[in-house]
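In our numbering, the protein residues as written are 1 to 254.
Virtual Cβ for every residue (Gly too), placed ideally from N, Cα, C.
Please read all numbers here as calculations on a predicted model, not as lab measurements.
The structure appears right after this line, and notes come after that.
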Amino acid sequence: MLIRLEGVVLRTRDYGEGHKIITLFTREQGKLGAVARGAKKPRSRLAAVTQPLTHGLYLCHAGGELATLSQGEVLHAFSRIRDDLIRTAYAAYMLEVTDRLLAEREAHPRLFDQLVGILQQLEAGKDPEILTRIYELHALAASGFRPHLDACVACGRLEAAAFSVREGGFLCSACQQTDRDALPLAPAAVRVLRRLARVDVGQIGTINVKPETKAQLRRLMRAFWEEHVGLRLKSRDVLERLESWTEERPAPLE
Ligand SMILES: [Zn+2]
């Protein structure tokens, strides 16, 4: 059966002589693997459409465990992301998060639209770290790891003073001591986190977040991931090295 899928290439690996197996995140069927025959050959008509990060239309023979890619059309190559080392690292991280969190053939059309929208914003030059935090929150929620950000996880008060990684959500100032390891948060970090978890990609205007708030959110998301998901991500190591270089770079002269 021939099916038409809209997808983003999450990763590829070599397969036999000149072939590739690509992992697609598709709007219609979620994550799935497809064999792309001859795609490694430079002149193959499948070469461009099977590059990681490509957003395209894919005509596949479905059937066994792996689909077979018959034709493809590039909708968006995201070349302005590929031209930039930092943006490429953030995109690679979001693709790996998607690949590791989603089960095979489980459709998440809303998350798919969020990913495409976020990659478009990344290409347009919006803050990569904020976009990544938004996408992480959406991807975690879609795969059943939603952090509890509405109210204190212990008593239900709206006020939040810390984030309990163990409990997976906010604690108010009265309940903060119930988890000695809870990460204290400035009110700005609480506000930003709540906003990022709710924001729709289409509505992202300019979200101005101070570097210290971004650093708090980064530590929080990393700790949450380690506690609840626990998978090691290669792309995160790369990203963290890049982030530490950016932090160490002296401020530009006025
Ligand atoms: Zn409380």
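Cα-Cα separation between residue i and residue j, rounded to whole angstroms
{"i": "A34", "j": "L24", "result": "8 angstroms"}
{"i": "L46", "j": "R37", "result": "8 angstroms"}
{"i": "R191", "j": "E136", "result": "17 angstroms"}
{"i": "L75", "j": "R27", "result": "14 angstroms"}
{"i": "V199", "j": "L220", "result": "19 angstroms"}
{"i": "H138", "j": "L85", "result": "24 angstroms"}
{"i": "P211", "j": "V165", "result": "22 angstroms"}
{"i": "A160", "j": "T213", "result": "15 angstroms"}
{"i": "R11", "j": "V153", "result": "37 angstroms"}
{"i": "R4", "j": "E73", "result": "11 angstroms"}
{"i": "I134", "j": "C60", "result": "31 angstroms"}
{"i": "I22", "j": "S143", "result": "21 angstroms"}
{"i": "A260", "j": "L171", "result": "Only positions 1 to 254 of the chain appear in the structure, and residue 260 is not among them; the question remains open."}
{"i": "L149", "j": "R194", "result": "6 angstroms"}
{"i": "G230", "j": "L217", "result": "18 angstroms"}
Classification of residue i by the beta-carbon crowding that lies within 10 angstroms, buried from 16 upward
{"i": "M1", "result": "exposed"}
{"i": "W225", "result": "buried"}
{"i": "E65", "result": "exposed"}
{"i": "L114", "result": "First, the residue type needs correcting, since residue 114 is Gln and not Leu in the sequence shown. It is buried - the Cβ of Q114 has at least 16 other Cβ atoms within 10 Å."}
{"i": "S244", "result": "exposed"}
{"i": "P109", "result": "exposed"}
{"i": "L158", "result": "exposed"}
{"i": "T206", "result": "exposed"}
{"i": "Q203", "result": "exposed"}
Top-ranked residue by Cα proximity to residue i, from the options
{"i": "G156", "options": "L122, Q176, R110", "result": "Q176"}
{"i": "G125", "options": "R105, Y90, R232", "result": "Y90"}
{"i": "L102", "options": "P52, G16, L32", "result": "L32"}
{"i": "T50", "options": "T68, L196, G63", "result": "T68"}
{"i": "E227", "options": "P147, T54, G7", "result": "P147"}
{"i": "T54", "options": "Y93, E6, G18", "result": "E6"}
Per DSSP, the bridge partner or partners of residue i
{"i": "Y58", "result": "L5, G72"}
{"i": "D31", "result": "Sequence inspection shows Lys at residue 31; the Asp mentioned does not correspond to that position. DSSP output for K31 lists F25, E104 as bridge partner(s)."}
{"i": "D14", "result": "K20"}
{"i": "A67", "result": "A34"}
Complete runs of the alpha helix (DSSP H) confined to the segment 168-219 [at least 4 residues]: 187-198
Start-end ranges of the alpha helix (DSSP H) lying completely within the segment 115-145, minimum 4 residues: 128-142
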